[in-house]
Amino acid sequence: MVLKNVDAWGSNAVEEMLDEIGVPYDVLSSSEFAPLTASYLINKYDVIIIESDQPQNFYDELAPEMGDIEEFVKAGKVLQVHAANWGWHGGVWKTPLPGGVEIVKSYSNYDYNVEKDLWYYSTFASHGYLINLPQDAKIITVQSDVSYSQGAPDYNKPSAVTYQYGKGLVFATGLTLEYSAKYRGAMWKEFLKEIIIGSLEFKPAKKVEYFDYAMMNYIWYMLYNRYTEKFDEMYKETEQYNITNSTIPQVAEYKSLAEKHYELGWQYGHPIKGHIQALPHMRRAYMNIKKAYVLLDYSLKGLKHWQALENNNLTALIQQNNDASTLYWVGGPLNGTYKGIENAKATWSRFLGGNNVTKVDVYNITLAKSEDGMTGIRAVVIVSTKEGKRIPLRYEIYFKDDSIIEEWWIIDPSVLEMAKD
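The letter at position 221 of the sequence shown is residue 220 when you use numbering that gives the first Met the number 0, and the numbering goes up by one with no holes.
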């Protein structure tokens, strides 16, 4: 059931989403809802969605019916309360929600999704935050600590939560879901869809597990330390190559970000204490040290490949290639696409037959994704030969497991600027 007297902010986003999902529903006004009994609601509906931004008479007529609504939830049903009032239609929600939860007026342009580490923007993203929450409430989003800019997450101002009440579930929010889903694009529509589907899939026989902040903090803490150990061990391998600050600057950036967020997470105490404020920092610490490790791993594979080129070693040059690899040679006399390891080997043989490589300089190795979604690296590479050539390249290497599956040799004179130093 969708419960409303008017479209919130002129939006029927909730009904449109239910139509998209393929769920049948009734739309009732507050006066149509008032005569219905708790037993009727329990027997007929699984989910009640109360929309945001209603006129005052809607909230006034709904207040005496909260007892029936509470019985509906206790019986194992789901209540969605979109409590973003103080909107276009002027109504104010004054009645506590099931369990005594209330909403406090507070505008925020940016709200932060705690689990997804993601910001949602709208004008406004939320009109209020929730108080008097039960201990096991799952916090989904919080407001920014600055009303009109992104700021930092304010964990004292949860703007969307779920909590159990009896056998059922309550989703309560001050987010402007209807407005933002209509006027602020796909990101909000997808969020609304997730919320509605989550309510539809709720099973009262299964206990809803609240988000275990202590466990997630500890997991990310352990993963951070595990990847740090692996990174430090792997970094020793760079000593065999002529590594400078310009070779793999992104590795240092990821490592620095990881260390920064790790320290920020610790200011709330040991991760096992499970402070929600530490959660995004521990997650970012883990994600950045993992990126640093992955990039370093790929970089070492690339450096090994380019070292073989500098040594004019054909066997070593194709040693990492997958049998089904493809070499794309863009520019110069060997311009073409070479599929399979044998064709790649023949192409390299022709190149080395006419060029005695003396030096391969590598700059700015970064993570890359191919059009097909493969992960790898791209870099600026300058190949110098005994014959006096300097071949400027934009180089890309993509990997499948530990082998090279795709390689791009792209001649580009503009990259010579990077080799002036």
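Using N, Cα and C, we set each Cβ at its ideal position, and we do this for glycine too.
| query | Going by the beta-carbon positions, is the gap between Asn334 and Trp328 smaller than 7 Å? | reply | yes
| request: Starting from the Cα of Tyr234, find the closest Cα among Pro97, Ile288, Thr325 and give me that residue. | output: Ile288
| Arg282 - DSSP class collapsed to helix/strand/coil | helix
| Which residues in the same chain have their Cβ closer than 8 Å to the Cβ of Thr94, if we skip the five residues on either side of it in sequence? | Tyr58, Leu61, Ala62, Met65
| query | Exposed or buried, what is Ile20 when buried is set at 16 or more other beta-carbons lying within 10 Å of its beta-carbon? | reply | exposed
| field | Delimiting residues of the alpha helix (DSSP H) encompassing Asp360 | value | Asp360 -> not in any alpha helix (DSSP H); beta strand (DSSP E) instead, spanning 356–368.
| message | Extract the residue ranges of the alpha helix (DSSP H) inside the stretch 67–115, only unbroken runs of 4 or more that lie entirely within it. | response | none
| Ser148 vs Ser125 beta-carbon contact at 7 Å | no
| Residues near Tyr220 in its chain [Cβ-Cβ closer than 7 Å; skip 5 each side] | Pro270, Met281
| Segment limits, beta strand (DSSP E) that includes Trp407 | 402–410
| request: On a CA-only basis, which of Pro248, Leu129, Lys385, Ser121 is nearest Ser146? Give me that one, please. | output: Ser121
| field | Simplified DSSP assignment, three categories, for Leu2 | value | strand
| query | Does the stretch 354–364 touch the stretch 237–255, meaning 3 or more C-beta pairs lie closer than 8 Å? | reply | yes
| field | 8 Å contact criterion, which Ala291 and Val250 should meet: CB distance rounded | value | 5 Å
| Looking only at C-alpha atoms, which of Leu299, Ala345, Arg393 sits nearest to Asp401? | Leu299
| message | Let's see if you can read the secondary structure: which residues bound the beta strand (DSSP E) around Phe201? | response | Run containing Phe201: none; DSSP gives neither H nor E here.
| For the stretch 139–192, which segments carrying the beta strand (DSSP E) assignment without a break, of at least 3 residues, lie completely within its bounds, in sequence order? | 152–164, 167–172
| field | Spatially closest choice to Lys388 from Leu415, Met0, Gln276, Gln53, by CA coordinates | value | Leu415
| query | Is the Cβ-Cβ distance between Ala7 and Glu193 less than 7 Å? | reply | no
| request: Would you verify that the beta carbon of Asp67 is, or is not, closer than 7 Å to some beta carbon of chain C? | output: Structure shown: chain C not included; a single protein chain is present.
| If you check the beta carbons only, do Ser105 and Gly86 fall under 7 Å apart? | no
| query | Can you give the beta carbon distance from Ile317 to Ala284, rounded, assuming they're within the 8 Å contact cut? | reply | Wrong, their Cβ atoms sit about 38 Å apart, outside the cutoff.
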